[in-house]
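Each residue of the sequence shown is one higher than the last, beginning at 327 in this note's numbering. For reference, the structure is listed below as structure tokens.
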Amino acid sequence: MAAARGWRLHRARQLRASRRRSGAPVAGGRRRRGGLERGLPPRFQVPLPYADDVDAELAGRGWSGGDGALVLVADLGPLLARPGSGRPVPPAGEVVRIDTLPDASWLDAYHYRGGRLPPHAREVVERGACLGFASVRAADGSVLAIARGSLDEGWLGVTAVEVEPSARRRGLAGVVLRELAGWAVGLGGLSCYLQVSPANAPALALYRAAGFVDHHWYQYRSPAD
Numbered sequence: 327m328a329a330a331r332g333w334r335l336h337r338a339r340q341l342r343a344s345r346r347r348s349g350a351p352v353a354g355g356r357r358r359r360g361g362l363e364r365g366l367p368p369r370f371q372v373p374l375p376y377a378d379d380v381d382a383e384l385a386g387r388g389w390s391g392g393d394g395a396l397v398l399v400a401d402l403g404p405l406l407a408r409p410g411s412g413r414p415v416p417p418a419g420e421v422v423r424i425d426t427l428p429d430a431s432w433l434d435a436y437h438y439r440g441g442r443l444p445p446h447a448r449e450v451v452e453r454g455a456c457l458g459f460a461s462v463r464a465a466d467g468s469v470l471a472i473a474r475g476s477l478d479e480g481w482l483g484v485t486a487v488e489v490e491p492s493a494r495r496r497g498l499a500g501v502v503l504r505e506l507a508g509w510a511v512g513l514g515g516l517s518c519y520l521q522v523s524p525a526n527a528p529a530l531a532l533y534r535a536a537g538f539v540d541h542h543w544y545q546y547r548s549p550a551d
């Protein structure tokens, strides 16, 4: 990642392909396209409504929009204090745990666009100073649900929330979310953020019920062919 003309530039080897070759504005950024290194085609990640002017200018220059996500935030204290959000109690024989590193079973449960993770995924997933890898394990040790937490300056970032298809509709996504929230509070965490596709209605319902509110959304803009 590098900065150029008020934009933060992301190069290849990001875990999520939609973030590869992208640029995101930083504070005081000027409305400049900037050049990306190594000849990679540029792509802007535009936070809205904070960069409406950038978005309008790119649209006016023929840059097409698409993809993107909602960014949601919540205070950890109220999140844990909400009814039904106490420390999760798994069914008999199941275990909820947080590890400092993901094991092979955790990684196998994390999918990339419906498929297996790319070769460099572990390097990206394990990047961070204070990480927690939450999971719900069945009695036989198989993974039923996972989530990744990254704590930085009081903020818990939650990613990689997945539930095994056969274990869905049991509230296990909420279980790993609350487990990470409790873990973060124990380390001085105050707030939480995550992102979700606007089209993912079940996830949005879960997060809103947990007390998350919209902070902003972003979309990607790419130059016309």
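Don't be surprised by glycine CBs; every beta carbon is placed ideally from N, CA and C.
Buried versus exposed, by CB contacts within 10 Å (16 or more), residue i
{"i": "G276", "result": "Outside the shown range of the chain, which is 327 to 551, sits residue 276, and nothing can be said about it."}
{"i": "R453", "result": "exposed"}
{"i": "A531", "result": "exposed"}
{"i": "L539", "result": "As written in the sequence, residue 539 is Val, which differs from the Leu given in the question. The residue in question, V539, is exposed, as its Cβ has fewer than 16 Cβ neighbours within 10 Å."}
{"i": "P445", "result": "exposed"}
{"i": "L427", "result": "exposed"}
{"i": "A400", "result": "buried"}
{"i": "E488", "result": "buried"}
{"i": "R547", "result": "buried"}
{"i": "A460", "result": "buried"}
{"i": "D478", "result": "exposed"}
{"i": "I408", "result": "Note that residue 408 corresponds to Arg in the displayed sequence, not to Ile. Exposed is the call here."}
{"i": "R369", "result": "buried"}
{"i": "G527", "result": "One detail in the question is off: residue 527 reads as Ala in this sequence, not Gly. Looking at its Cβ environment, which holds fewer than 16 other Cβ atoms inside 10 Å, A527 is exposed."}
{"i": "Y436", "result": "buried"}
{"i": "D378", "result": "exposed"}
Local conformation of residue i per DSSP, three classes
{"i": "A507", "result": "helix"}
{"i": "D478", "result": "strand"}
{"i": "Y546", "result": "strand"}
{"i": "S468", "result": "coil"}
{"i": "A499", "result": "helix"}
{"i": "R494", "result": "coil"}
{"i": "Y533", "result": "helix"}
{"i": "G512", "result": "helix"}
{"i": "D540", "result": "strand"}
{"i": "A473", "result": "strand"}
{"i": "A525", "result": "coil"}
For residue j and residue i, believed in contact at Cβ under 8 Å, the rounded distance
{"i": "A395", "j": "Y544", "result": "7 Å"}
{"i": "R474", "j": "A486", "result": "4 Å"}
{"i": "E505", "j": "V421", "result": "Incorrect: roughly 11 Å between the Cβ atoms, too far for contact."}
{"i": "V469", "j": "E449", "result": "About 21 Å separates the two Cβ atoms, so there is no contact after all."}
{"i": "P375", "j": "H541", "result": "Contact doesn't hold; Cβ gap of about 11 Å is too wide."}
{"i": "V462", "j": "V501", "result": "6 Å"}
{"i": "L482", "j": "L406", "result": "Rounded, the Cβ-Cβ distance is 11 Å, inconsistent with contact."}
{"i": "L443", "j": "L520", "result": "Their Cβ separation, rounded to whole angstroms, is 19 Å, which puts L443 and L520 out of contact at 8 Å."}
Contiguous alpha helix (DSSP H) assignments of at least 4 residues, all confined to the segment 372 to 404:
378 to 386
Three or more beta-carbon pairs under 8 Å between the segment 428 to 436 and the segment 504 to 522, yes or no?
no
Can you give, in chain order, each stretch of the beta strand (DSSP E) that sits fully within the segment 414 to 460 and has at least 3 residues?
421 to 425
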